[in-house]
């Protein structure tokens, strides 16, 4: 491999690699130096991302393919921006660097390399939390992602062989290779049937680890889908399935962080619907929603994290009444809940509306109605269920105080951002890949959205008896690899044991039989082993000689 | 930390409920004053978003409850399975 730097511009430093290099240095730094590095690195990277010039910046020749690991444009810059401020472990740096690498990659091979680094980084984030459950969940998580990576690798290989190009652009679905690429991307997006990795693994990370995980993997998947599969109609239906799957499972879930994990699947579903619709408005909506999602989901996860941190409990059925003593967490949690439900004046309102609007513009009535129902459902589980059972009814008697200042300020900052983006959407719209021709705040839109959300609120209180919190989990697709397959493996194991046992018995019987036969034939009492009298020997010799004589004269 | 707050008073809760219902009625009545821009036939029906949102939520809760009958398990489901499985495995290996 020889490297040629063509198209040299002023900047030839890859922001993702800077972050990853920083990750490798961090364990050797101590004290104040380390704190400074943690704070400054992301800022430096952010500045670098901002300066990435449009077009190809790095090119290397590898196996006769021109790789473009660094390519910038508006879309990639927006996705690279989703950079939470609290970075604490090198693993997270590696992970974030890889996600930035995916966002800035200009060819399929670089996408694949950063894709795998992202899987490694995110697994390390999960492992860094420790604990046997986290370890096992991370192992399951890694397996699914390696499967996705394998599919992607097979797809990329096939695609490159067939087309002779590693270009990372719109891909037509005309052979199995392209379907494999799509499948690899969708697994990371949390699409069915393997979506269960997300609610299985994310709640096991530390509270800040979950914030990280929610920000990168699924967003990187949405990004690559926008890049390569915009306008594929199948994605509309995959997205809608994810939306309702997330809502229904979140309604049934008892663990607050799993509720939020299911809501990630649901919200990513909205984005994938946007990708599937594929018009400029829809792509803008998907990108804007991805950005808004990072903000409000980080906020919700931080408030849930604060509750878990202060109480040590994570089940709805053990919480309640916390508003008495955790006012800051309560208010920030409510802001996050309103934002995810797309309440007017929050970030969700200005982004989700673009996706619905694009469905209406394309005259997709069923899609539009389902999206409206899903918005209502989002308010139902995230907007009300989460806040109601954690902060209000029924009082658990717990009176923990608000979390330490750093966490409080983190929540306040993100609450501010959620509302700021909702009130003043122009900066966000300016970042979007296409020019925005959309006005979120019309009287009609605000009114219809309020009707939709307030009446879902009414439905929640009317149906409250059906939403009783129970100490249960709901089986998901991960049952397949946590129960069914191990069960089958165990069955095979037992079968194997039985088989070896049977074999041992059989050989034993054969051995015993053989020995008996030998003893019978060759033993001291056998025909051959017996001693014979000399007389009978002489008699048989005589008979033989006589026989010979008779034959001779014949 | 301070015992009861104003939200614990039944009187205030009733007040909140009245406010909520007032807001519901208001959003529906406001439709008379605001020109909506329906895209399809169905959303030009009166207060479409209100009853559609309500019914959609009810439908989702019913669907979830139905699914729960099939798929709910005690939350120690996987723990129990894991331990039992592992023990069985060990026993076999030991003898």
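Residue numbers (this note's numbering), protein chains in the order written: chain A, 48 to 601; chain B, 1340 to 1434.
Each residue gets a CB set at the ideal place from its N, CA and C atoms; glycine is no exception.
Name the residue from the options whose alpha carbon lies nearest to the alpha carbon of residue i.
| i | options | result |
| --- | --- | --- |
| residue 1414/B | 305/A, 323/A, 557/A | 305/A |
| residue 1368/B | 494/A, 315/A, 419/A | 494/A |
| residue 605/A | 440/A, 480/A, 527/A | This structure cannot speak to residue 605/A, because chain A is shown only from 48 to 601. |
| residue 402/A | 536/A, 534/A, 225/A, 330/A | 330/A |
| residue 219/A | 529/A, 362/A, 198/A, 273/A | 273/A |
| residue 479/A | 451/A, 492/A, 328/A | 328/A |
| residue 431/A | 394/A, 598/A, 248/A, 381/A | 381/A |
| residue 264/A | 416/A, 165/A, 529/A, 520/A | 165/A |
| residue 502/A | 1376/B, 1390/B, 1382/B | 1390/B |
| residue 414/A | 575/A, 513/A, 545/A, 287/A | 287/A |
| residue 315/A | 303/A, 498/A, 282/A | 282/A |
| residue 312/A | 260/A, 350/A, 277/A, 540/A | 260/A |
| residue 343/A | 563/A, 437/A, 461/A | 461/A |
| residue 356/A | 301/A, 411/A, 277/A, 448/A | 448/A |
| residue 1372/B | 491/A, 206/A, 209/A | 491/A |
| residue 446/A | 433/A, 425/A, 456/A, 365/A | 365/A |
Are the CB atoms of residue j and residue i within a distance shorter than 9 Å?
| i | j | result |
| --- | --- | --- |
| residue 266/A | residue 337/A | yes |
| residue 285/A | residue 233/A | yes |
| residue 386/A | residue 256/A | no |
| residue 472/A | residue 487/A | yes |
| residue 1380/B | residue 500/A | no |
| residue 192/A | residue 169/A | yes |
| residue 1406/B | residue 299/A | yes |
| residue 1412/B | residue 521/A | yes |
| residue 289/A | residue 528/A | no |
| residue 225/A | residue 196/A | no |
| residue 199/A | residue 279/A | no |
| residue 418/A | residue 406/A | yes |
| residue 149/A | residue 270/A | yes |
| residue 308/A | residue 249/A | yes |
| residue 375/A | residue 303/A | no |
Using the beta-carbon count (16 or more within 10 Å), is residue i buried or exposed?
| i | result |
| --- | --- |
| residue 591/A | exposed |
| residue 126/A | Here residue 126/A scores only 40 on pLDDT, less than 50, and its place in the model is too uncertain to base an answer on. |
| residue 587/A | exposed |
| residue 1348/B | exposed |
| residue 453/A | exposed |
| residue 569/A | exposed |
| residue 515/A | exposed |
| residue 212/A | exposed |
| residue 394/A | buried |
| residue 352/A | buried |
| residue 251/A | buried |
| residue 584/A | exposed |
| residue 1385/B | exposed |
| residue 633/A | No answer is possible for residue 633/A: the residues shown for chain A start at 48 and end at 601. |
| residue 523/A | buried |
| residue 371/A | buried |
| residue 1387/B | buried |
| residue 369/A | buried |
| residue 422/A | buried |
What is the DSSP secondary structure of residue i, reduced to helix, strand or coil?
| i | result |
| --- | --- |
| residue 355/A | helix |
| residue 552/A | helix |
| residue 214/A | strand |
| residue 432/A | helix |
| residue 344/A | helix |
| residue 362/A | strand |
| residue 1344/B | coil |
| residue 240/A | coil |
| residue 328/A | helix |
| residue 373/A | coil |
| residue 462/A | helix |
| residue 1353/B | helix |
| residue 275/A | helix |
| residue 266/A | helix |
Tell me the residue span of the beta strand (DSSP E) that contains residue i.
| i | result |
| --- | --- |
| residue 1411/B | 1411-1413 |
Following the continuous alpha helix (DSSP H) through residue i, name the residue where it begins and the one where it ends.
| i | result |
| --- | --- |
| residue 520/A | Here residue 520/A belongs to no alpha helix (DSSP H); instead the beta strand (DSSP E) covers 519-521. |
| residue 247/A | 244-248 |
| residue 155/A | 155-174 |
| residue 402/A | 394-408 |
| residue 308/A | 303-324 |
| residue 288/A | 280-299 |
| residue 426/A | From DSSP, residue 426/A is part of no alpha helix (DSSP H); its letter is neither H nor E. |
| residue 583/A | 581-600 |
| residue 490/A | 490-509 |
So does residue i have its beta carbon nearer than 8 Å to some heavy atom of the ligand ADP?
| i | result |
| --- | --- |
| residue 561/A | No copy of the ligand ADP appears in this structure; indeed no ligand is present at all. |
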